[in-house]
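Trainee: Before I ask anything, let me first share the structure, which is written out below as structure tokens.
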């Protein structure tokens with residue numbers, strides 16, 4: 010007894026052939042859909058010399074991260090600080106961190122940079138909330154879907170690194186309202 014002949018196209022290839030033949034557009038398979046950006050795991054030390062594993066080792070259930078890439082961005086970072094501090098004081102599940110992002114360099118460079126940051130920030134209590142990151146900047150930017158270093162980026166993340174909210178540049182009233190709404194719903 011003979012088997013029936015096999016079709017020329019089977020499974021997905023048949024569907025693709027029919028779609029091409031009749032001009033239908035097919036959705037991308039789920040495995041090819043872009044994955045939402047997540048904060049990568051990074052180990053660093055705060056200015057008060059405490060080891061910090063980001064994002065899982067951050068102190069809040071939800072953390073507000075202020076990423077800066079150049080000294081000239083300090084004014085933009087400072088624009089977010091009153092709101093970040095107010096949220097931290099009113100919600101014990103929320104913490105903020107300033108994350109100056111620099112290229113991974115040798116130990117002497119990292120020591121010099123962190124010592125300079127300590128001398129610039131005169132309040133030792135604030136040192137705990139400043140965590141310099143020395144990373145492969147291009148990979149870090151790509152992992153977080155940050156197009157460039159021209160503006161600071163602020164992120165609201167959970168302990169798993171899921172980005173719950175994001176903005177870039179100096180704080181505006183619209184951005185503040187969006188952050189408050191997002192942080193308040195956690």
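In the working numbering, the protein residues as written are 10 to 195. Even for Gly, the Cβ is constructed at its ideal location relative to N, Cα and C.
1. Got a sec, what are the start and stop residues for the alpha helix (DSSP H) residue 81 sits in?
2. DSSP has residue 112 in a bridge; who is on the other side?
3. Please report the distance separating the alpha-carbon of residue 130 from that of residue 136.
4. Would you call the CB atoms of residue 61 and residue 75 closer than 8 Å?
5. Within the continuous beta strand (DSSP E) that includes residue 164, where are the two ends?
6. Below 8 Å on the Cβ atoms is my guess for residue 53 versus residue 63; work out the distance and round it to an integer in Å.
7. Evaluate residue 101 with the Cβ neighbour count: other Cβ atoms within 10 Å of its Cβ, from every protein chain shown; 16 or more gives buried, anything less gives exposed.
8. Residue 74 bridges to which residues according to DSSP?
9. Whole angstroms is fine: what's the gap from residue 88's alpha carbon to residue 71's?
10. Give the DSSP bridge partners of residue 175, in chain order.
11. So, are the CB atoms of residue 145 and residue 46 less than 8 Å apart?
Mentor: Per the coordinate set shown:
1. Here residue 81 belongs to no alpha helix (DSSP H), and DSSP marks it neither H nor E.
2. The partner list for residue 112 (beta bridge, DSSP) reads 144.
3. Whole-angstrom Cα-Cα distance: 7 Å.
4. Cβ atoms of residue 61 and residue 75: not closer than 8 Å.
5. That run of the beta strand (DSSP E) goes 162-167.
6. About 7 Å separates the beta carbons of residue 53 and residue 63, which is inside the 8 Å limit, making them a contact pair.
7. The residue is exposed, with fewer than 16 neighbouring Cβ atoms inside 10 Å.
8. Note: residue 74 is bridge-paired with 106, 164 in the DSSP secondary-structure output.
9. Each residue's alpha carbon lies about 20 Å from the other.
10. BP columns for residue 175 point to 164.
11. No, they are not a contact pair.
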